Amino acid sequence: MKPLQFVTKVLPVVAGIFLLSACSSKPIVGVLLPMTGSASTYGQSMKNGIDLALDQEQANLPEGFQVLWGDTASDPATGAAELVRVAGQGARIILAGTTSDTARALLPVLDETDTIAISPSASAPSLTKDSRRFFRVFASDELEGRRAGRFLYEDRDKTSVLIFAEDTAQARGIEPPFRQVFEQAMGGEVVGRIVIGSPRWEQDAADLLAAHHPASVYVIAYGDMTIDVLRFLRKKNYDGPICASSAFYTGHIVESNPDLVEGVFFPQPAFDMKSESQLTQDFVATYQQQFQRDPDIYAAHAYDAMRVAIFVAGEASSFSATEIRKVLAFGMKEFPGVTGIIQFNDYGDVRHNPIMFIIRDGKVLNYERYIAEERIKITEKIKELLKS
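Note that the sequence shown covers residues 25 to 412 in my numbering.
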C-alpha cells in the first residue's frame, strides 16, 4: 500500500481517536524510529542518543513525563500508523521523520491528530514549508548541497563531476542546490547523472567514466546505496575525490566497510566530536563509555531533539499543540545543543551550516582541522631534514 493511500484511508478515523486524548495535559512524547527495515542502523543510533538524553535529563523531567516508543519499520505508511497510535495514547510532541520520505507521509497526520513533530534528521527543504507543525534540528538539504558544490569546485579544484543519486526525497532535495552552485555559480560541468539501482546503472556509469573521465564524483544516497557505489568505483580504480552526502554516514557503515569508505569526503551538519564545547565533550565521553563506540550525527541530533522536547515540556503553560508550537517558535532562545545553538526560524528550521569531513583510517575527521594538522606534520618533517 502506498503511503499517501494509507494516509487518506486512515484520516477519517483519526479524529475520533485523538479526541479521546486531547483533554490530557500530561507531557507525553512519542518517539517513532526505524528500528527495523532498511534504515534500522540510523534508528539504533538515534535511540542511543535519545536514551542518553533521558538518562542525563532525569532531574529536569516535568511531573508525569512519559515516552511512548514506536517502530516505523523504515516504511512511511507504518510511520503514519504509529503516529496515529501514539497520538491516541496522549502524545502531543512526536520525535519522528527520520527519513524525508517518512516525514512527508506524516505531515497530514500531524494536522488530524493535533500534534507537533520534532525531526532529528529529515532534511528535504519543503517539509518545514509545507507544515507549521513540523520542526527539525537537522540542517536543510539546501545547505548541504551548496556546501558540497563549493567544496568540490573550490577546495578540491575539480571542474567536472559525475553524480550518483538514489531515488529518494533526500536526493531530490540536495541535487538542485548542488547543481546551482557547481554548474551555474562556479561554471563546473556535470558530465552525467546515474540513478543508483536502476537497470544497467553500473554499465551506464562505466560508460560515462570512460567517456568523460570526471574529475570528481558526488554520491547522494543513504548508507547501503552509497556503499554499492563505492564498491563499484573501487573496482573501476577511480582515483578522483569522492564526496558523499551526510545521510550515508553512520558508525556502523564506517566500521563495516573500512576500505571502501577510506578517503571519502562528506558535509556533516554541525556536529564535531572534537569541539571544545563542554556540552559536546561530555556527550561524546558518556556516549563512548555507555555504547562502546563514537556517536555519529544521528545519535547527536536525536540527543538534541529529545533535550528540546524535554525543555518544551517544562516551559509550555499546557501540553497542547498550540502551546508547544509557541515555545518552539518563540521560546527557544539560543538553546545549547551538541550540534550547535538551536533556534528555529519562521519555518521551523535551524541554521546549522554543514562542515566538511574526511574518513581516514576508520576515523571521521574535520577536514579543515585534518589539513591543518597535516601541514604541521610536513613542516616538522622539513625541519628535521634541514637539521640532518
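All C-beta atoms, glycine included, are put in the ideal place defined by N, C-alpha and C.
Quantities reported herein were computed from a predicted structural model and do not represent experimental measurements.
Query: Using alpha carbons as the reference points, say which of V288, Q113, S222, D79 lies closest to T192.; Result: S222
Query: In whole angstroms, what separates the C-alpha of L410 from that of I402?; Result: 12 angstroms
Query: Straight-line CA distance for I400 to E392?; Result: 13 angstroms
Query: With a cut-off of 8 angstroms on the beta carbons, I'd call G17 and A239 a contact; round off their distance for me.; Result: The structure shown does not extend to residue 17, since the chain spans only 25 to 412, so no value can be given for it.
Query: In chain order, what residues of the same chain have a beta carbon less than 7 angstroms from the beta carbon of A195, not counting five sequence neighbours either side?; Result: A189, I244, A245
Query: Which residues mark the beginning and the end of the alpha helix (DSSP H) in which D95 is found?; Result: Per DSSP, D95 belongs to no alpha helix (DSSP H); it is in the beta strand (DSSP E), 90-95.
Query: Just reading off the alpha helix (DSSP H) that P132 is part of, what are its end residues?; Result: 124-137
Query: Might you give, ordered along the chain, the residues of its own chain that have their beta carbon closer than 7 angstroms to the beta carbon of E404, omitting 5 neighbours on each side?; Result: none
Query: Nearest to A326 by alpha carbon, out of A141, H237, G197, R384?; Result: A141
Query: Go through its chain and collect everything with a Cβ distance to P149's Cβ below 6 angstroms, but skip five positions before and after it.; Result: S164, D165, E166, G197
Query: Leaving aside the five residues before and after Y262 along the sequence, list all residues of the same chain whose C-beta is less than 8 angstroms from its C-beta, in chain order.; Result: L233, V241
Query: Please identify the residue among R170, A329, M210 whose C-alpha is closest to the C-alpha of E199.; Result: R170
Query: Which value, in whole angstroms, describes the spacing of the CA atoms of V362 and D320?; Result: 11 angstroms
Query: Whose C-beta lies closer than 7 angstroms to the C-beta of G61 among residues of the same chain, with five residues either side of it excluded?; Result: A97, S98, D99
Query: Taking 8 angstroms as the cut-off, does the stretch 270-287 touch the stretch 332-343 (at least 3 CB pairs, one atom from each stretch)?; Result: no
Query: Expressed to the nearest angstrom, what Euclidean distance is found between the alpha-carbon atoms of D385 and R317?; Result: 15 angstroms
Query: Determine whether the beta carbon atoms of E87 and R331 lie at a separation below 8 angstroms.; Result: no
Query: Quick check on H237: buried or exposed, where buried means 16 or more other Cβ atoms within 10 Å of its Cβ?; Result: exposed
Query: Starting from the Cα of G372, find the closest Cα among R156, I74, M70 and give me that residue.; Result: R156
Query: Roughly how many whole angstroms lie between the Cα atoms of F158 and S143?; Result: 7 angstroms
Query: Compute the beta-carbon to beta-carbon distance between K71 and L57, rounded to the nearest angstrom, for a pair I have assumed lies under 8 angstroms.; Result: 6 angstroms
Query: For Q312, does the count of other Cβ atoms within 10 angstroms reach 16, so buried, or fall short, so exposed?; Result: exposed
Query: For A337 and R180, I'd like the C-alpha separation in whole angstroms.; Result: 46 angstroms
Query: Taking C-alpha atoms, which residue in I334, K153, T65, Q113 lies nearest to D79?; Result: I334
Query: Does the distance from the C-beta atom of Y273 to that of Q302 stay below 8 angstroms?; Result: no
Query: Report, in whole angstroms, the separation of the C-beta atoms of K50 and Q113, which I expect to be a contact under 8 angstroms.; Result: Contact flag wrong, Cβ pair sits at about 10 angstroms.
Query: Taking its Cβ as the centre, do 16 or more other Cβ atoms sit within 10 Å of R258, making it buried, or is it exposed?; Result: exposed
Query: Report buried or exposed for D296, applying the criterion of at least 16 other Cβ atoms within 10 angstroms of its Cβ.; Result: buried
Query: Name the two residues that bound the continuous alpha helix (DSSP H) containing A195.; Result: 193-203
Query: Are the Cβ atoms of E168 and S270 separated by less than 8 angstroms?; Result: yes
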